[in-house]
Amino acid sequence: MSRPRDSILWGVLLFIIGAAFLLWNLGVLASYESAIGWIAVAVFGILGISILVSQVLSPPAWWRVIPAMTLIGIAGVVLLSIQGAPPVWIASALFAAIALAFLIIYFGDRQERWWAFVPFAAMAVMVAVMVLSNAGWPVLAVGVVLFAGMGLAFLLIYALAKDRRSLSWALAPASALLLMALVALAAYL
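Each residue of the sequence shown is one higher than the one before, starting from 0 at the first, in numbering that gives the first Met the number 0.
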């Protein structure tokens, strides 16, 4: 496709999406809510899976995993919303899908894409924090999980590296975060 044609296509698509959201917010589509929800699950799921398939067919395009898993996560959010799941599980589904995207990127080439472990760990720790907070854990205990989880992530970046010398910087945030976890643990106990 040519560039002007792409621009027109995206413009029309965004216009249609905007019009659909306007109709939704005005309540015009309220009677079709269930059907629209299931259609959204299918559309987001199919888009995500098709992008994943295109990534498998063209492995150098590892970045495609991020939008693919995000779309699959959005499908999960809509599905859980339709099912009436608790909000914490709905939010966790999206964060977990994005975390999984970065984990897939990391395992695709651990030595070159070590950086993908950081957003994976951040998202995974956020899922844990959301779930534990919702479960009624004390704030300080959740703080321990937050700091320890991120500290362990940086420690693992260093420990799993082939060339530890080039990633020795990861020991600084690991030490600081683990120290903060110990401070939070001491305050909790």
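Note that the Cβ used here is the ideal one computed from N, Cα and C, for glycine as well.
> By DSSP, does Q110 sit in helix, in strand, or in coil?
Replying inline: coil
> Taking Cβ to Cβ, would you say A96 is nearer than 9 Å to M68?
Replying inline: yes
> If we ignore side chains and look at the alpha-carbon of each, how far apart do P118 and G44 end up?
Replying inline: 23 Å
> By Cβ distance below 6 Å, which residues in the same chain neighbour A98 in space, the five residues on each side in sequence not counted?
Replying inline: F119, M122 and A123
>> With H, G and I counted as helix, E and B as strand and the rest as coil, what does DSSP make of L166?
In response: coil
> With a CB to CB cut of under 8 Å and the five nearest residues on each side skipped, what residues in its chain are close to Y157?
Replying inline: R163, L166, S167, A169, L170 and A173
> DSSP three-state call for V27: helix, strand or coil?
Replying inline: coil
> When you compare only the Cα positions, how much space is there between A183 and G150?
Replying inline: 13 Å
> By Cβ distance below 6 Å, which residues in the same chain neighbour V76 in space, the five residues on each side in sequence not counted?
Replying inline: I89, A92 and L93
>> Going by DSSP in three states, L188 sits in which element: helix, strand or coil?
In response: coil
> What whole-angstrom Cβ distance do L229 and V141 have, given they're in contact under 8 Å?
Replying inline: Nothing about residue 229 can be reported from this structure: the residues present for the chain run from 0 to 188 only.
> Considering L79, what are the terminal residues of the alpha helix (DSSP H) in which it resides?
Replying inline: V64 to Q82
> DSSP on W37, reduced to helix/strand/coil?
Replying inline: helix
> Under a Cβ-count criterion, where at least 16 other Cβ atoms within 10 Å of its own Cβ denotes burial, should Y31 be classed as buried or exposed?
Replying inline: exposed
> How many Å lie between S57 and V64 at the Cα?
Replying inline: 11 Å
> Which class does A173 belong to by DSSP, given the choice of helix, strand or coil?
Replying inline: helix
> Would DSSP call S132 helix, strand or coil?
Replying inline: helix
> Where does M0 fall in DSSP's three states?
Replying inline: A caution first: M0 carries a pLDDT of 48, below 50, which makes its placement in the model unreliable, though a value can still be read off. Of the three classes helix, strand and coil, the one that applies to M0 here is coil, per DSSP.
>> Among the candidates A160, L155 and V87, whose CA atom is the shortest distance from the CA of L177?
In response: L155
> Where does L159 fall in DSSP's three states?
Replying inline: coil
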